[in-house]
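Position 270 of the sequence shown, counting from 1, maps to 270 under my numbering, and the rest follow consecutively.
Note that the Cβ used here is the ideal one computed from N, Cα and C, for glycine as well.
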Amino acid sequence: MCGIVGAVGHDRCGPVLLDALKRLEYRGYDSSGIVTLHEGQIDLRRAVGKLVNLETALADQALPGSIGIGHTRWATHGGVSEDNAHPHVASDRVSIVHNGIIENHRTIRARLESAGHKFASDTDSEVLAHLFVEAFDAGLDAVAATQKILAEIEGAYAFAAMATDYPEQLIVARNASPLAVGIGEGACYIGSDAIALAHLTRKVIYLKDHDFALISADHVAVYQADGTPANREAVIVAASPGMVDKGGYRHFMEKEIYEQPDAIAHSLAAMTDADGQLTATMSTEDLRAITGIVMLAAGTSHYATQIARYWIETLAKVPVVCEVASEYRYRHPVTSAYSTALAISQSGESLDTLMAMRHAASSGLHTIGLVNVPGSTIARETDFVLPTRAGPEIGVASTKAFTAQLTVLLSFAVALAKAKGSIDAERAAQIHQQIQSLPGLVGRALTLFDPIRPIAHALSQARSALYLGRGTLYPLALEGALKLKELSYIHAEGFASGEMKHGPIALIEEGLPVVALLAADEVMAKASSNLREAAARGGQIILITEERAVHEVDFADAVITVPNVDSLLAPILLAVPAQILAYLTAVEKGTDVDQPRNLAKSVTVE
Ligand code: F6R
Numbered sequence: 001m002c003g004i005v006g007a008v009g010h011d012r013c014g015p016v017l018l019d020a021l022k023r024l025e026y027r028g029y030d031s032s033g034i035v036t037l038h039e040g041q042i043d044l045r046r047a048v049g050k051l052v053n054l055e056t057a058l059a060d061q062a063l064p065g066s067i068g069i070g071h072t073r074w075a076t077h078g079g080v081s082e083d084n085a086h087p088h089v090a091s092d093r094v095s096i097v098h099n100g101i102i103e104n105h106r107t108i109r110a111r112l113e114s115a116g117h118k119f120a121s122d123t124d125s126e127v128l129a130h131l132f133v134e135a136f137d138a139g140l141d142a143v144a145a146t147q148k149i150l151a152e153i154e155g156a157y158a159f160a161a162m163a164t165d166y167p168e169q170l171i172v173a174r175n176a177s178p179l180a181v182g183i184g185e186g187a188c189y190i191g192s193d194a195i196a197l198a199h200l201t202r203k204v205i206y207l208k209d210h211d212f213a214l215i216s217a218d219h220v221a222v223y224q225a226d227g228t229p230a231n232r233e234a235v236i237v238a239a240s241p242g243m244v245d246k247g248g249y250r251h252f253m254e255k256e257i258y259e260q261p262d263a264i265a266h267s268l269a270a271m272t273d274a275d276g277q278l279t280a281t282m283s284t285e286d287l288r289a290i291t292g293i294v295m296l297a298a299g300t301s302h303y304a305t306q307i308a309r310y311w312i313e314t315l316a317k318v319p320v321v322c323e324v325a326s327e328y329r330y331r332h333p334v335t336s337a338y339s340t341a342l343a344i345s346q347s348g349e350s351l352d353t354l355m356a357m358r359h360a361a362s363s364g365l366h367t368i369g370l371v372n373v374p375g376s377t378i379a380r381e382t383d384f385v386l387p388t389r390a391g392p393e394i395g396v397a398s399t400k401a402f403t404a405q406l407t408v409l410l411s412f413a414v415a416l417a418k419a420k421g422s423i424d425a426e427r428a429a430q431i432h433q434q435i436q437s438l439p440g441l442v443g444r445a446l447t448l449f450d451p452i453r454p455i456a457h458a459l460s461q462a463r464s465a466l467y468l469g470r471g472t473l474y475p476l477a478l479e480g481a482l483k484l485k486e487l488s489y490i491h492a493e494g495f496a497s498g499e500m501k502h503g504p505i506a507l508i509e510e511g512l513p514v515v516a517l518l519a520a521d522e523v524m525a526k527a528s529s530n531l532r533e534a535a536a537r538g539g540q541i542i543l544i545t546e547e548r549a550v551h552e553v554d555f556a557d558a559v560i561t562v563p564n565v566d567s568l569l570a571p572i573l574l575a576v577p578a579q580i581l582a583y584l585t586a587v588e589k590g591t592d593v594d595q596p597r598n599l600a601k602s603v604t605v606e
């Protein structure tokens, strides 16, 4: 969604905030802005478009001052315009940046407008600036003003306010949206995550929901919503101080596809104990206590859960249900059949997933969070953490986080099955050995860029495409279709191959690209006969398969092969060519691969 930053006590506030925003650009990128306070004056720069436009505006006119806040926006309320870009300023006196949604903003705005407040934007966020002006006008100090405002606003928020009334402190608050406070040398900072602050400090305080804080150069005073002082410990975060860059690749996504052997190897290492056994980072007793799992996730992470369900039910014989996180709590689920909720999120911040996890926890389920960002909200709130070690994923479309999630989920399934006694130690060791071959196999699949290029060129001319798979390759078909549509804007749908005859086959017409995912598994023969039906009706079959299964589909129009692989691992290995196909198709079409239209990396609103 949006990213917020702030600094107090740093004499080069403008450039420091710009650097911090660059690290948050993955959260949103349709407009941005920075405001500083210098000699009693609020000085604002905003620009529509990518951050580079704000950088140009700042190069033309630098921002003086040692206190300031900044924002990179992904529009929700109010279109993309300079007026709607943050920071918002009210009465030349209070400036705010906000991530989240103030759900009751209309009522508040109507009240403030009738009291004479003039609004300059269509955003929900601007009410915050006016609420502070109103509270200061009423004679409230910073603590009382913030307390009053938090009691009035509803929704998810992380915000920072800067006021001429308090020229040496920032006021920040959070509820459901992430916020980190960085403690530096003679300066303090705020950011939507610790990565934003990694070039400034690794000492971070994470505010809890409904906390607010007054931050000056050398002091952070944290309060609960009712104004009671709160003690929140600072932690040292492991975020890399280096700026994440493209490392010579054309796009972050390309780099992240290439990083998969490492991401998988590091994630597997995190799941392996000193004796080389898969432990799932949990004790045998904790694993044995798991009698049913509800998996909560969104988008690509949700497709990872759907693949994992096959593994966990097959190996560990533990019932699993996969829930779209945004739907879960609103259908008032019956949770008594499950002991455990497993929330899966690359960012650890997707609000839908966080809220679903909280709902499960409040219904009495134990929670496990599978996250890629250490210290993220889900990681902090969950009973157990299963880490992926994919490193920062910057491209909006998830790639290395997905295959790392699958690696961890398969390892978890094996550890669970072993603890439950549904597989013996020998079978567990055998699967573990196969998983260890994954980095090498994925490395070999990375040589597929050149063979896939002409196929991507042809696919880029299509208006629509189908993705088909059976078994664990059915969720992978959904993921392949998602990658293609979000990156190249070509309409794509994924189906279970066996479902085609129940309706979707009517879509097939001469020349329609059909991306077929196939492995030498128990459903191969059935899947290939489903494909034959699609080919017979004019579908252009693009087959993605392992070498030993190619002969099954001798009618394919294009073939992409990966090395032979155990069928348990097939969805992980076959994900790689599906990613490359979507990536190269988008490059052919000239779309914005790392930051596709209308999308943000971390979605912190419902
Ligand atoms: C698609 C993609 C999204 C995310 C989804 C969940 O390529 O990346 O569908 O998977 O927004 O994000 P996380 O895993 O951070 O909760």
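Item	Value
Ignore the nearest five residues each way along the sequence and tell me which others in Tyr489's own chain have a CB closer than 8 Å to its CB.	Lys589, Thr591, Pro596, Arg597
CA-CA distance, Pro513 and Tyr467?	9 Å
Can you name the residues that DSSP bridges to Lys203?	Ile236
Quick check: what's the CA-CA separation for Pro392 versus Ser376?	12 Å
Which two residues bound the contiguous alpha helix (DSSP H) that contains Arg532?	524 to 536
Which residues mark the beginning and the end of the alpha helix (DSSP H) in which Thr388 is found?	Looking at the DSSP string, Thr388 is not in any alpha helix (DSSP H), and its letter there is neither H nor E.
Just to confirm my understanding: we take Ala194, look at its own chain, exclude 5 residues before and 5 after, and list those with CB closer than 8 Å. What are they?	Ala180, Gly182, Arg202, Val204, Val237, Ala239, Gly375
For Asn53, does the three-state DSSP call read helix, strand or coil?	helix
Alpha carbon to alpha carbon, how far is Leu484 from Gln433? Give it in angstroms, no decimals.	32 Å
With a threshold of 6 Å (Cβ to nearest heavy atom), would Val593 be considered close to the ligand F6R?	no
Phe119: which of Phe384, Ala90, Leu140 sits nearest, CA to CA?	Ala90
To which residues of the same chain is Val318 closer than 8 Å at the C-beta, ignoring the five residues directly before and after it?	Ile290, Thr291, Gly292, Ile293, Ile312, Leu416, Lys420
Just the C-alpha distance for Gly242 and Val371, rounded to the nearest angstrom, thanks.	Low local confidence applies: a pLDDT of 46 at Gly242 is under 50, so the model's placement there is unreliable, with the coordinate-based value given in what follows. Distance between the alpha carbons of Gly242 and Val371 is about 21 Å.
Run the CB neighbour count on Lys501, radius 10 Å, all protein chains shown included, and call it buried at 16 or more, exposed below.	exposed
Confirm the yes/no value for this check: CB of Val5, any heavy atom of the ligand F6R, distance under 6 Å.	no
Determine, using beta-carbon pairs with one atom in the stretch 384 to 402 and one in the stretch 317 to 337, whether at least three such pairs fall under 8 Å.	no
By DSSP, does Cys2 sit in helix, in strand, or in coil?	coil
Thinking Thr399 and Met253 are a contact (beta carbons under 8 Å), I'd like their distance in whole angstroms, please.	6 Å
Sort Leu584, Ser283, Val605, Val414 by Cα distance to Leu569 and report the nearest one.	Val414
Nearest to Val553 by CA position, among Ala520, Ile580, Asn564, is which residue?	Ala520
Have a look at the DSSP bridge pairing and note the partners of Gly182.	Tyr189, Val204
Using DSSP bridges, identify the partner residues of Asp43.	Thr36
Determine the direct distance from the alpha carbon of Ala274 to that of Asp298, and round the result to whole angstroms.	First, the residue type needs correcting, since residue 298 is Ala and not Asp in the sequence shown. About 33 Å.
Give me whichever residues DSSP pairs with Ala297 in a beta bridge.	Val324
Does the ligand F6R have a heavy atom nearer than 6 Å to the CB of Gly49?	no
Can you find at least 3 beta carbon pairs, one from the stretch 152 to 170 and one from the stretch 214 to 229, that sit closer than 8 Å?	yes
How is Gly248 classed by DSSP in three states: helix, strand or coil?	coil
Determine the contact status of Met295 and Cys322, defining contact as a CB-CB distance below 7 Å.	yes
May I have the straight-line CA-CA distance separating Phe212 from Asp60, to the nearest angstrom?	35 Å
Between Leu150 and Glu233, what straight-line distance do the alpha-carbon atoms span, to the nearest angstrom?	23 Å
With burial defined as no fewer than 16 other Cβ atoms inside 10 Å of the residue's Cβ, what is the status of Thr228: buried or exposed?	exposed
Pull up the distance between the alpha-carbon of Leu207 and that of Gly3, whole angstroms please.	16 Å
Here's the rule I'm using: 16 or more other beta-carbon atoms within 10 Å means buried, otherwise exposed. How should Val8 be labelled?	buried
Given Glu154, which residues of its chain have a CB within under 8 Å of its CB, disregarding the five upstream and five downstream residues?	Ile102, Glu103, Asn104
In the structure shown, what three-state DSSP assignment does Tyr258 receive?	helix
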